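Numbering (our numbering), first residue to last: 26 to 370.
The C-beta atom is built at its ideal place from N, Cα and C for all residues, glycine as well.
Treat the numbers as computed from the prediction; the structure is a model and nothing was measured.
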């Protein structure tokens, strides 16, 4: 059985692409000129000509199950070709058991150790299971796993007051691969009030007084699934300005038309009310939708003109301050006409 001599000098191109499935980072083409490869075959083996053999390697640097390397080659043209076997190991020309890939011209090695150099070669075999010598060898190193260091305690004010923005800075985080870092802030300390991912400097305006445990965490800006643990908390005390009895929207504690009288003979009634949290404006209307009404400066005893006609009237009332509006309250009163009480229906 005779055969053809393989190529004396084979050229391998290695493409190392450091990326995650969604985020390509960089691509590096490296041309490797392999040393001369003599065709060493016995009479029992059929020679396979590996023509110009091209290997294309992809590296996935961080997957839960380990790194991956994909090798591809030009197909053989022999009629009795049955398939290929892929060999790899951590030392040159020292391989473990091969992977039989049939007639496929590429194969992905999975579950590889991170930060390790691997050597790869391919053989071909025919329908009689005669196997060629190894192709030229290519090598690639899988990237190390990426780690994200948790931030230090935030720097920024430890006290402030409601309605005033306070700025905080995170720092101390880094990627073991040198990638850019994004930060997320926890403004309450229990994971319920989180900022969007962004820069190391962010601000917060609190609307309620109290003590908050502010902290931050970091993630890789490229592999966004890689997130650090939380930093230690910074205790921030938020006070309420003296002109407010408590922070937040106002609440109407009491509301009565004409001091609670069930009837009236006048169409201009007084709306007695008591509200907390320093309301600045009020709105009153006989429409539950406050149609046509407008905000007026707050008074504890504003006057309100009733609509024409006798009978039962319902007045809706609400107040507001800089933080928001109160819930709506309402009251009723019956209008008498010419001294005769109009019955309620």
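Spell out the partners DSSP gives residue i in its beta bridges.
| i | result |
| --- | --- |
| residue 131 | 97 |
| residue 338 | 358 |
| residue 287 | Looking at the DSSP assignment, residue 287 forms no beta bridge with any residue, so it has no partner. |
| residue 228 | 192 |
| residue 183 | BP columns for residue 183 are empty, so no partner. |
| residue 9 | Absent from the structure is residue 9, since the part of the chain shown begins at 26 and ends at 370. |
| residue 371 | Residue 371 cannot be examined here, being either before or after the span of the chain that is shown, 26 to 370. |
| residue 252 | 244 |
| residue 330 | 293 |
| residue 200 | 173 |
Tell me which residue opens and which closes the beta strand (DSSP E) that residue i is part of.
| i | result |
| --- | --- |
| residue 191 | 190-194 |
| residue 347 | It is not in any beta strand (DSSP E) - residue 347 carries neither H nor E in the DSSP assignment. |
| residue 211 | 206-211 |
| residue 259 | 259-264 |
| residue 235 | 235-245 |
| residue 279 | 276-282 |
So, is residue i buried or exposed, given that buried needs 16 or more other C-beta atoms within 10 angstroms?
| i | result |
| --- | --- |
| residue 161 | buried |
| residue 233 | exposed |
| residue 227 | buried |
| residue 326 | exposed |
| residue 190 | exposed |
| residue 285 | exposed |
| residue 328 | exposed |
| residue 105 | exposed |
| residue 229 | buried |
| residue 321 | exposed |
| residue 153 | exposed |
| residue 248 | buried |
| residue 269 | Reliability of the predicted coordinates at residue 269 is poor, the pLDDT of 46 falling under 50, and the value obtained from them is presented with this limitation in mind. It counts as buried. |
| residue 156 | buried |
| residue 333 | exposed |
| residue 110 | buried |
| residue 242 | buried |
| residue 330 | exposed |
| residue 163 | buried |
| residue 305 | exposed |
| residue 99 | exposed |
| residue 256 | buried |
| residue 372 | The first residue shown for the chain is 26 and the last is 370, placing residue 372 beyond what the model contains. |
| residue 310 | buried |
| residue 278 | exposed |
| residue 357 | exposed |
| residue 149 | buried |
| residue 360 | buried |
| residue 202 | buried |
| residue 165 | buried |
| residue 60 | Residue placement at residue 60 is poorly supported in this model, since its pLDDT is 31, which falls under 50; the coordinates still yield a value, given next. Burial call: exposed. |
| residue 253 | buried |
| residue 205 | exposed |
Does residue i have its Cβ less than 8 Å from a Cβ in chain B?
| i | result |
| --- | --- |
| residue 238 | Absent from the structure is chain B; it holds one protein chain and no more. |
Uninterrupted alpha helix (DSSP H) stretches inside the stretch 293-328 (no shorter than 4 residues)
none
Along the chain, which unbroken stretches of the beta strand (DSSP E) at least 3 residues long are found entirely within the stretch 97-175?
106-114, 124-127, 131-137, 142-151, 163-166
Contact the stretch 192-199 vs the stretch 170-184: 3+ CB pairs below 8 Å:
yes
Would you say the stretch 142-160 touches the stretch 105-121, given that touching needs at least three Cβ pairs under 8 Å?
yes
Is there contact here, the stretch 125-137 with the stretch 90-100, by at least three beta-carbon pairs under 8 Å?
yes
So does the stretch 273-289 actually touch the stretch 312-320, counting three or more Cβ pairs closer than 8 Å?
no
Would you check if the stretch 276-284 and the stretch 242-257 touch, i.e. whether three or more CB-CB distances between them fall below 8 Å?
no
When the Cβ atoms of the stretch 292-307 are set against those of the stretch 339-354, are three or more pairs found closer than 8 Å?
yes
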